[in-house]
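Working notes, structure below.
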Amino acid sequence: MFITLEGPEGSGKTSHIPYLVEYLREQGHVVFPTREPGGTSISEQVRDILHDLKNAEMHPRTETLLYQAARAQIVEQVIQPRLTAGEIVISDRYFDSTIAYQGYGHQQNLDEVRALVKYATGGLTPDLTILLDLEVEIGLKRKTQNEMEWNRMDAYTVEFHKRVRAGYLEMVKAEPKRWVVVNSDQKWESVQEELKRVIVGRLQVTG
Ligand code: TMP
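Quick note on numbering: the sequence shown equals residues 12 to 218 in the working numbering.
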C-alpha cells in the first residue's frame, strides 16, 4: 500500500509521519517512510538546488523538471521496489505536490504538468492520499514561529500559497476515492488520532 501525505506549508505532515510509522509497525506492518523531494542521495542533492534561497531566479519550468528528476529516482530506487516487496510506503509529499505547487501555484498548463508527472513516476499512483488542510496564513505563521526551515518555496507570495491550497481542494473533489481531508487546525494529538483512524480504516478495506 502506498500512502502519501500532502498539504500546504506548515500543515504538520513531517511531524506526524514518524508516529504513524511507529504505530503501524507496532501493529505488525512493514513500513517504509520517505519524503519528497529527497529520499535518495541523488534526490536529496536535487532538493538542495530546489530549496536554496540563492536560486531565486529559477524558472517555474526548471523547477517543475527538477522535482520530476528527484521523483523519478526515488520511484525507481526506493518506492517501487518496497511496494513490490509488499511493504507499506508512506511518503511526505509526492506527485500531487507538483500539481498543486507547479501546476496551480505557478499557473502552468495542468495537462502538460500531468504528462511530466506521469513520465517521472511511470504512472505509479498512491492508494491513499491524505490532505492535511490548513489556512495558508496559519501554516506560514506556524513555520516562522516554530523556526522551521524556511526555503525558496516558502518565500513565494501568500497568493501563490493560496492557489496551492485551492488546487489541493480541487484535486480532492476530482478524485474523492483516493483523497481524505484531515483538518490540521486542531490539537496535534487529535490530528494524529484522525490520521491513524483513516489509515487503519483503509488497511482493513484493502486487507
Ligand atoms: P517540505 O519538506 O517542507 O514539505 O518542503 C518541500 C517543498 O517543496 C514545499 O514547499 C513543497 C515543495 N514541492 C513542490 O513545489 N513540488 C513538489 O513536487 C514537491 C514534492 C514539493
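Virtual Cβ for every residue (Gly too), placed ideally from N, Cα, C.
Hey, would you say the C-beta of ARG46 is under 7 Å away from at least one heavy atom of the ligand TMP?
-> With a cut-off of 7 Å, the C-beta of ARG46 is classified as near the ligand TMP, since at least one heavy atom of the ligand falls inside that distance.
Could you tell me whether any non-hydrogen atom of the ligand TMP is closer than 7 Å to the CB of GLU55?
-> Every heavy atom of the ligand TMP is 7 Å or more from the Cβ of GLU55, so no.
Residue nearest to ARG104 in terms of C-alpha spacing, selected from LEU127, PRO44, ARG213, LEU77 = Closest by alpha carbon: PRO44.
Closer than 7 Å by C-beta to GLN91: which residues in its own chain qualify, once you throw out the five before and the five after it? Chain order, please.
-> Close CB contacts of GLN91 within its chain, under the 7 Å cut and outside five residues either way in sequence, are with LEU135 (chain order).
Three-state secondary structure (DSSP) of VAL57 | Helix.
VAL242 burial status per 10 Å Cβ neighbour count (16 or more: buried) | Because the chain spans 12 through 218 in this model, residue 242 falls outside it and cannot be assessed.
Would you check if the distance between the CB atom of GLN119 and the CB atom of PRO48 is smaller than 8 Å?
-> The Cβ atoms of GLN119 and PRO48 do not sit closer than 8 Å to each other.
Cβ-based burial, TRP199 [other Cβ within 10 Å; buried from 16] | Classification of TRP199: exposed, given that the 10 Å Cβ count is below 16.
Quick one: is GLN203 near chain E, going by C-beta distance under 8 Å?
-> As a matter of chain content, chain E is missing from the structure shown, which is built from one protein chain.
For LYS24, does the count of other Cβ atoms within 10 angstroms reach 16, so buried, or fall short, so exposed?
-> It is buried - the Cβ of LYS24 has at least 16 other Cβ atoms within 10 Å.
Bridge partner(s) assigned by DSSP for THR45 | THR45 has SER102 as its beta-bridge partners, per DSSP.
Please report the Cβ distance between GLU229 and HIS172, rounded to the nearest whole angstrom; I am assuming they are in contact, meaning their Cβ atoms lie under 8 Å.
-> Since the displayed the chain opens at 12 and closes at 218, residue 229 lies outside it and no answer follows.
For ALA131, does the count of other Cβ atoms within 10 angstroms reach 16, so buried, or fall short, so exposed?
-> Result: buried.
State the beta-bridge partners of ASN157 as determined by DSSP.
-> Per DSSP, ASN157 has no beta bridge partner at all.
Beta-carbon gap between ILE149 and ASP107 smaller than 8 Å | Contact flag unset, no.
Nonlocal neighbours in the same chain, by C-beta distance under 7 Å from VAL192, ignoring five residues either side | The residues are LEU142, ASP144, VAL183.
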